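Participant:
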Amino acid sequence: MHTRLLSPDQEGIAAACDLLSRGEVVAIPTETVYGLAGDARNPRAVAGIYQAKGRPSFNPLIVHLPDRAAAERFAVLDAQARHLADAFWPGALTLVLPLRQDAGIASLVTAGLDTVAIRVPAHPVAHALLSAFGGPLAAPSANPSGRITATTAAHVTDPENGLGGRIPAVLDAGACPVGVESTIVGWSGGEPALLRPGGVAAEAIETVLGQRLLRPALDPDAPSSPGQLTSHYAPRAQMRLNALAAEDGEVMIGFGPIPGELTLSATGDLTEAAARLFDVMHRADAMARPIAVAPVPENGLGAAINDRLNRAAAPR
Ligand code: TXA
Ligand code: MG
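Taken in order, the sequence shown gives residues 1 to 316; the numbers are from full-length UniProt numbering.
(1) Let's see if you can read the secondary structure: which residues bound the alpha helix (DSSP H) around M287?
(2) Go ahead and pull the three-state DSSP assignment for T30.
(3) Does the separation of the CB atoms of D158 and L6 fall below 8 Å?
(4) Which residues in the same chain as A303 place their Cβ atom closer than 8 Å to its Cβ, once the five residues preceding and following it in sequence are excluded?
(5) Candidates A117, A237 and L84: which alpha carbon is nearest L209's?
(6) Restricting to Cα atoms, I'd like to know which of G146, S145 and N161 is closest to T152.
(7) My guess is that L264 and L277 are in contact by the Cβ rule of under 8 Å, so how many angstroms apart are they, rounded?
(8) Report the three-state DSSP secondary structure of H83 (helix, strand or coil).
(9) Have a look at G54 and G146 and give me their C-alpha separation to the nearest angstrom.
(10) Consider the C-beta atom of residue 332 and the heavy atoms of ligand 1; say whether any pair is separated by less than 7 Å.
(11) Tell me, please, whether the segment 39 to 55 touches the segment 117 to 128 by the rule of three or more beta-carbon pairs shorter than 8 Å.
(12) S131: beta carbon under 7 Å from a heavy atom of ligand 1?
(13) Can you find the residues in the same chain that come closer than 6 Å, C-beta to C-beta, to P295, ignoring five residues on each side of it along the sequence?
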């Protein structure tokens, strides 16, 4: 199969809608990372997503919608969820909410759970596509399962590390501005919990809620977000973290004052580091040498960056 590049204009969006309406999958830009989208109401389309990614079927998908009103049709939002939706949507926050069972979401999307993960993306092309399509789009990140996340259309179409040849089309809108996946918040016994650190800093969510988030994501023995398999985002090469300099043949990825052949951000800017993270990992991986990464502070977006680095470096 040849993977077509679609332009991010009306014509490209119409072509993407046409494919999606026929139950095909299309890779789409969002402000966080590229997603592999399919009609969340069509079991065949959703099966196509799992198949193209080679993803274990117990791992549920995020449903993308144009606004909060659409989210209310598919899930139940209580006062706290509405408060977060109003503060952070459109944007890099995913909420895990009670599913409205009769709303038509294919059970393969939620992997049979009674909750559904919902996000309203801020990317103008994603928003235009969702409005034109007029239905819910299930979309995990557009990388083969366990491989490095795609933040450019070139990452998606890469035949070796991406989905090139496995999907019909990519809507190409350039690099994703945030660069790490959305932050996932769910509720556990009525208490809000951080299920995955991501593009919205946990501190910002806590400020809006006026309370601390539970942090089950940081407890490796309690993967409450079923997607939190430890080895994830994996380059082929070994990765060594918190490195201060390269050792025998390593590709050094610097941060701030610690220099490297590549750097996440020479000025130590965490927003820039998040935006560059996966592209730098793709570049380092292409060098086919072991990788060393400078320490990144844990505050703000640093939590999401370190989460991805720890998974990439995990034994597998
Ligand atoms: O930024 C993002 O979130 C990107 C873009 C494309 O929107 N999407 C993304 O999807 O990262 P994915 O499939 O790679 O990650 C979805 C995560 C998984 O860890 C999954 O386990 C979790 O969401 N998830 C989905 N539904 C869930 C549910 N009902 N309960 C708990 N976790 C859920
Ligand atoms: Mg992913």
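Heads up, the beta-carbon is just placed ideally off N, CA and C, and yes, glycines get one too.
Keep in mind that this is a model prediction, so the values were computed, not measured.
Facilitator: Here's the rundown:
(1) On the sequence shown, position 287 is the one that residue 287 refers to. Neither: M287 is in no alpha helix (DSSP H) and is coded neither H nor E.
(2) The residue you call residue 30 lines up with position 30 of the sequence shown. In the structure shown, T30 falls within a coil segment according to DSSP collapsed to helix, strand and coil.
(3) Taking the first residue of the sequence shown as 1, we reach residue 158 at position 158. Taking the first residue of the sequence shown as 1, we reach residue 6 at position 6. No, these two residues do not count as a Cβ contact at 8 Å.
(4) As a first step, residue 303 is located in the sequence shown; it is residue number 303 there, counting from the start. The answer, listed in chain order, is P197, A201 and A202.
(5) On the sequence shown, position 209 is the one that residue 209 refers to. Ranking A117, A237 and L84 by Cα distance to L209 puts L84 first.
(6) Position 152 of the sequence shown, counted from the start, is the residue given in the question as residue 152. Nearest option by C-alpha distance: N161.
(7) In the sequence shown, the residue the question calls residue 264 occupies position 264. In the sequence shown, the residue the question calls residue 277 occupies position 277. Confirmed, Cβ separation roughly 6 Å.
(8) Here the question's residue 83 lines up with position 83 in the sequence shown. Correct three-state label for H83: helix.
(9) Your numbering for residue 54 matches position 54 in the sequence shown. Your numbering for residue 146 matches position 146 in the sequence shown. Approximately 9 Å, taken between the alpha carbons.
(10) This structure cannot speak to residue 332, because the chain is shown only from 1 to 316.
(11) no
(12) Along the sequence shown, read from residue 1 onward, the residue named residue 131 stands at position 131. Checking every heavy atom of ligand 1 against the Cβ of S131, none is found closer than 7 Å.
(13) Against the sequence shown, residue 295 aligns to sequence position 295. Taken in chain order, the residues that qualify are N242.
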